[in-house]
Amino acid sequence: MMLFDTHTHLDAPQFDEDREAMIQRAVDAGISRMINVGFNRETIPSTMKLAETYDFIYAAVGWHPVDAITMQEGDLEWIASLCKHEKVVAIGEIGLDYHWDTSPKDVQQRVLRQQIGLARELNMPIVIHNRDAHEDIVKILREEKAGDVGGVMHSFSGSWETAKQCLDLGFHLSFGGPITFKNAKQPKEVLEKVPMDRFFLETDAPYLTPHPYRGKRNETAHVRLVAEAAAEIKGISLEEIAAITTKNAMERFGIR
-19 MMLFDTHTHL DAPQFDEDRE AMIQRAVDAG ISRMINVGFN RETIPSTMKL
31 AETYDFIYAA VGWHPVDAIT MQEGDLEWIA SLCKHEKVVA IGEIGLDYHW
81 DTSPKDVQQR VLRQQIGLAR ELNMPIVIHN RDAHEDIVKI LREEKAGDVG
131 GVMHSFSGSW ETAKQCLDLG FHLSFGGPIT FKNAKQPKEV LEKVPMDRFF
181 LETDAPYLTP HPYRGKRNET AHVRLVAEAA AEIKGISLEE IAAITTKNAM
231 ERFGIR
């Protein structure tokens, strides 16, 4: 059985004390591939280093909406140059975050549009971060023809109505720790309805830790707990969920 954590932050400072051991725990738990996400000036270089160090770690690079205000002239060209690297499989995480008041909405939207334009130019899938911005996200994805490249709605938390709009635009949905939470009805209901070939699994480690470790540091090995919850929701075996979601991710991100 092989599992794929499609969104993790192995370079986060929370792992500075035991990074190698934490990665080995993930391998021992059956996680055969991981995408580490670099999202600003600090995490993009450390993401590239991880991808170059480990055969089974791939990279997504982009500018996070929370950090949109820090994006400078030349940063888009930097991302474009990194996308030529064989281990870079997506541009992200990019998007909108209206929860944290760190970057003005108009700046977030401009930076998102710029990166979608780059993705279309390079024919690269995108990883979308969306927090409290469902309507604007769908609007911008539609206006910028993001469906031409597609990608993934990371840690999807919207309604089934929003999910349908994203699926219609050619995007996959990714689910993490929240589908293991007892009271998280909406992501479970959405996952139940999503076609088998249109979703992935992730941890977003060190965040969004699944039950029964909620409240503690998350790590990539816990994607197995997410897979177990997904198997129960979909009414199939853990082995089938692992095979389906790994195949979906490898095809979407162009990984052999």
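This note's numbering applies: residue -19 is where the sequence shown begins, and numbers increase by one. Glycine included, every Cβ here is placed at the ideal spot set by N, Cα and C.
With a threshold of 16 other CB atoms inside 10 Å of the CB of residue i, please say whether the residue is buried or exposed.
i              : result
glycine 157    : buried
tryptophan 80  : exposed
aspartate -9   : buried
threonine 117  : Note that residue 117 is isoleucine in the sequence shown here, rather than threonine. The residue in question, isoleucine 117, is buried, as its Cβ has 16 or more Cβ neighbours within 10 Å.
glutamine 52   : exposed
asparagine 163 : exposed
leucine 183    : Before going on, a small fix: residue 183 reads as threonine here, not leucine. So threonine 183 counts as buried.
asparagine 228 : buried
glycine 54     : exposed
serine 137     : buried
asparagine 103 : exposed
proline 167    : buried
Below 8 Å CB to CB, which residues in the same chain sit around residue i once its five sequence neighbours on both sides are set aside?
i              : result
glycine 195    : Thr189
glutamate 73   : His(-13), Val17, Phe19, Ala40, Gly42, His44, Val107, Ile108, His109 and His134
valine 174     : Ala143, Leu147 and Leu153
glutamate 169  : Trp140
asparagine 198 : Gly157, Thr183, Asp184, Ala185, Pro186, Tyr187, Leu188, Thr189 and Pro190
alanine 31     : Asn16, Ile37, Tyr38, Ala39, His65, Lys67 and Val68
For the putative contact between residue i and residue j, defined by C-beta atoms under 8 Å, what is the C-beta separation to the nearest angstrom?
i              : j                 : result
alanine 99     : isoleucine 159    : So it is not a contact: roughly 27 Å between Cβ atoms.
threonine 226  : phenylalanine -16 : 4 Å
valine 69      : isoleucine 235    : 6 Å
isoleucine 49  : threonine 82      : 7 Å
proline 186    : phenylalanine 36  : Actually they are not in contact, since the Cβ atoms of proline 186 and phenylalanine 36 sit about 19 Å apart, beyond 8 Å.
glutamine 94   : leucine 62        : 15 Å between Cβ atoms; not a contact.
valine 132     : arginine 204      : In fact, because the Cβ distance is near 20 Å, the residues do not count as touching under 8 Å.
isoleucine 213 : leucine 171       : 5 Å
The alpha helix (DSSP H) that contains residue i, what's its start and end?
i              : result
glutamate 220  : 218 to 232
isoleucine 242 : Nothing about residue 242 can be reported from this structure: the residues present for the chain run from -19 to 236 only.
leucine 188    : Leucine 188 -> no alpha helix (DSSP H), and no H or E assigned at all.
isoleucine 59  : 55 to 62
valine 46      : Per DSSP, valine 46 belongs to no alpha helix (DSSP H) and is neither H nor E.
serine 26      : 23 to 33
Apart from the five residues on each side of it in sequence, which residues of its chain come closer than 7 Å, Cβ to Cβ, to residue i?
i           : result
glycine 150 : Gly127 and Gly130
lysine 125  : Arg100
valine 46   : Asp77, Trp80, Thr82 and Ser83
Any heavy atom of the ligand ADP closer than 8 Å to the Cβ of residue i?
i          : result
alanine 31 : Among the ligands in the structure shown, none appear at all, so the ligand ADP cannot be discussed.
Residue i lies in the beta strand (DSSP E); which residues open and close that run?
i              : result
histidine 109  : 106 to 111
histidine 152  : 151 to 155
glycine 75     : 68 to 77
aspartate -15  : -17 to -12
isoleucine 159 : Premise fails: isoleucine 159 is in no beta strand (DSSP E) and is neither H nor E.
Near residue i, what residues of its chain come up, given a Cβ to Cβ distance below 6 Å and the 5 sequence neighbours on each side ignored?
i           : result
leucine 121 : Leu149
Using CA coordinates, which residue listed in the options is at the minimum distance from residue i?
i             : options                          : result
arginine 178  : Asn103, Phe155, Ala113 and Ala70 : Phe155
alanine 207   : Arg197, Leu171 and Ala222        : Ala222
leucine 218   : Gln4, Met2 and Ala9              : Ala9
isoleucine 71 : Glu123, Tyr193, Met14 and Ile24  : Ile24
alanine 238   : Lys85, Trp58 and Arg90           : Nothing can be reported for residue 238: it is not among the residues displayed for the chain, which extend from -19 to 236.
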